[in-house]
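Quick note on the working numbering: the first sequence kicks off at 278 and runs consecutively. All C-beta atoms in this analysis are idealised placements derived from N, C-alpha and C, irrespective of residue type, glycine included. The model shown is predicted, which means the values in this text are computed figures rather than measured ones.
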Amino acid sequence: MTRVRFAPSPTGYLHVGGARTALFCWLFARHTHGTFILRIEDTDFERSSEDMVSGILEGLRWLGLEWDEGPFYQSQRLDLYRATADRLLANGSAYYCFCTREELEQRRAAATAAGVPPRYDGRCRNLPTADAARRVAAGEAAAIRFRIPDSGTTAFEDAVFGRVEFANAELEDFVLLRSDGVPTYHLSVVADDIDMRMTHIIRGADHLSNTPKQVLLYNALGASLPVFAHVPLILGPDKTRLSKRHGATSVLAYKDMGIVPEAFRNFLALLGWSPGEAARQADGKEREIFSTAELVEMFSLEGMAHSNAVFNNEKLAWFNTEYIRAYAPERLLPLIEQEWQRAGFVPSRSREDILAGIALLQQRTRSLTDFAMTFRAYFSDDYPTDEAAVAKFLADPSTLGLLRELAVRYRTLTPFSELSTEELLRAFAAEKGVKPGVLINGARVLLTGQGVAPSLFAVMVYLGQQRVVQRLSAGATAGI
RNA sequence: GGCGCUAUCGUCUAGGGGUUAGGACGUGAGAUUCUCAAUCUUAAAACACGGGUUCGAUUCCCGUUAGCGCUACCA
Numbered sequence: 278m279t280r281v282r283f284a285p286s287p288t289g290y291l292h293v294g295g296a297r298t299a300l301f302c303w304l305f306a307r308h309t310h311g312t313f314i315l316r317i318e319d320t321d322f323e324r325s326s327e328d329m330v331s332g333i334l335e336g337l338r339w340l341g342l343e344w345d346e347g348p349f350y351q352s353q354r355l356d357l358y359r360a361t362a363d364r365l366l367a368n369g370s371a372y373y374c375f376c377t378r379e380e381l382e383q384r385r386a387a388a389t390a391a392g393v394p395p396r397y398d399g400r401c402r403n404l405p406t407a408d409a410a411r412r413v414a415a416g417e418a419a420a421i422r423f424r425i426p427d428s429g430t431t432a433f434e435d436a437v438f439g440r441v442e443f444a445n446a447e448l449e450d451f452v453l454l455r456s457d458g459v460p461t462y463h464l465s466v467v468a469d470d471i472d473m474r475m476t477h478i479i480r481g482a483d484h485l486s487n488t489p490k491q492v493l494l495y496n497a498l499g500a501s502l503p504v505f506a507h508v509p510l511i512l513g514p515d516k517t518r519l520s521k522r523h524g525a526t527s528v529l530a531y532k533d534m535g536i537v538p539e540a541f542r543n544f545l546a547l548l549g550w551s552p553g554e555a556a557r558q559a560d561g562k563e564r565e566i567f568s569t570a571e572l573v574e575m576f577s578l579e580g581m582a583h584s585n586a587v588f589n590n591e592k593l594a595w596f597n598t599e600y601i602r603a604y605a606p607e608r609l610l611p612l613i614e615q616e617w618q619r620a621g622f623v624p625s626r627s628r629e630d631i632l633a634g635i636a637l638l639q640q641r642t643r644s645l646t647d648f649a650m651t652f653r654a655y656f657s658d659d660y661p662t663d664e665a666a667v668a669k670f671l672a673d674p675s676t677l678g679l680l681r682e683l684a685v686r687y688r689t690l691t692p693f694s695e696l697s698t699e700e701l702l703r704a705f706a707a708e709k710g711v712k713p714g715v716l717i718n719g720a721r722v723l724l725t726g727q728g729v730a731p732s733l734f735a736v737m738v739y740l741g742q743q744r745v746v747q748r749l750s751a752g753a754t755a756g757i
């Protein structure tokens, strides 16, 4: 039974890199019928906040990455870390360090200036245990440091990168427990991962270099190693690590941009991971669109790339349009309703009509936000008219007069169908000696408030005879 | 600086000792049209560089270069 965790630090929102790591963890857990655990690493009290925690949870829920256990908060498990540090102290793997932050900073600066690697100099490493214990008992502030073996190498087998080896001499005696008793990252992750019986550690490749320290900790604690799997990072278009200056990096920002969560998930899954030949179809082409079930079915650590990937907004937009087009209107409706709520828009048509409207529009929409902004005329009689569209298609004042005349003809048209409305319009255009396109484009602006819309006659049928007549004749009186 | 990881079209990637190096997004051209998409056809586009190993390297090895990561009493 596999157990994997996603362990974000609430010092920021859930960014796309973290979201993808969470997705991989979740995919792995589901694929192996294992357990997906959520753990909040909030031991940096200064920078962590509850708002960030709720934002992270919201982002995970939006992506549909439900967790089986947790969320656990490290801030509530301080006793475990203290006890773990004590064990390490007792077996000689750790020692008290009385150096102050200021002293350390000074020495670091000096070492850097001298061109020497700024590692902890081991000053407190060989203090007699009894002395150290006495000083601590006397109330002197002390951190607890891990004792790195002074020779040899530490190696581990990464499920993605293969065997990775580090010389112990490159590692420093890092702090396990700060002088205020709060653990440092390395201690808390390892203590928790052991305590929570994690079998696989799937995390960003930025932790690859941290891993030997943690391997040493597992050893010192007599625990067996989990499988480490480091996943390559996501970069911005300039190939530097993705950050705020690349624009939206919070997953919730993508929600606000009208991205369908499954589309985002599909896109993210294929960034740094590939199903390989499994995606090949009979015609030789390779699929890119995969349902959640398919993703779960195909996912494996073997398909993971070794190099970083650039986040490609255009491709995300493509996934989004594909999902919007493929989803049944009933499935799109709740997502669209959220947009309407957010925009303060209240549709005035029946649910049945709304579903028909979605069906009419979904083939040409790129973002869920379109439904709240540019498509208002389809769901309410209260809609804005785009001035650029007026300028483009209704510049000639005579067009409005013709459309008004056309409205009169439409008033008595039976049946009012796509075929009949088109026939009538074309005959009317011929009669008046104008090109049908002029009337079609003008009518489109009046009926939808936009210069862009689905086939005009389909729109007419959707809106219904009464609305068409009303909107067509209102244009002239409104003096657009 | 030290250490670690990585390197296939602009981007995401498949592939792998002998291939016309495949697909997707995007881009160009054409078709269609009622606007905009979509759709269809089509085109351009890649194995970073240098050494090995080999009959033969894009593929294996080494180096160079470049990018990224780590190098805190952050995570």
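Simplified DSSP assignment, three categories, for PRO606: helix
For GLY719, the first and last residue of its enclosing alpha helix (DSSP H): 713-725
CB of GLN351 within 8 Å of CB of ARG316, strictly: yes
Other residues of its chain near GLY289: CB distance less than 8 Å, five sequence neighbours each side excluded: MET329
Helix, strand or coil at CYS376 according to DSSP, with G and I counted as helix: coil
PRO394 - DSSP class collapsed to helix/strand/coil: coil
Beta-bridge pairing of ALA672 - partner residues as DSSP gives them: Note: ALA672 sits in no beta bridge, so no partner.
Three-way DSSP call (helix, strand, coil) for LEU454 in this model: strand
Integer Cβ distance of VAL281 from ALA306, believed to fall under 8 Å: 5 Å
Cβ-Cβ distance between ALA284 and VAL573 below 8 Å: no
Residue of GLN618, ALA407, GLY369 and ALA636 minimising C-alpha distance to MET650: GLN618
When PRO611, ASN718 and LYS592 are compared against LEU548, the one with the closest alpha-carbon: LYS592
Exposed unless 16 or more other CB atoms sit within 10 angstroms - verdict on GLU708: exposed
Range covered by the alpha helix (DSSP H) that runs through GLY336: 327-339
PRO348 - containing beta strand (DSSP E), residue span: 346-350
Proximity winner among GLU599, GLY710 and ASP630, relative to GLN640 (alpha-carbon distances): GLU599
Helix, strand or coil at MET581 [DSSP, three-state]: strand
Whole-angstrom C-beta distance between ILE511 and ALA436, which should lie under 8 Å: Contact doesn't hold; Cβ gap of about 19 Å is too wide.
Cβ pair ILE631, PHE656 closer than 8 Å: yes
Exposed unless 16 or more other CB atoms sit within 10 angstroms - verdict on GLN743: exposed
Which residues DSSP lists as bridging SER527, in chain order: HIS292
7 Å CB neighbourhood of MET475 in its chain, flanking five on each side removed: ARG280, VAL281, ARG282 and PRO503
GLN383 burial status per 10 Å Cβ neighbour count (16 or more: buried): exposed
Outcome for PRO489 when other beta-carbon atoms lying within 10 angstroms are tallied against a minimum of 16: buried
C-beta atoms of ASN445 and THR461 nearer than 8 Å: no
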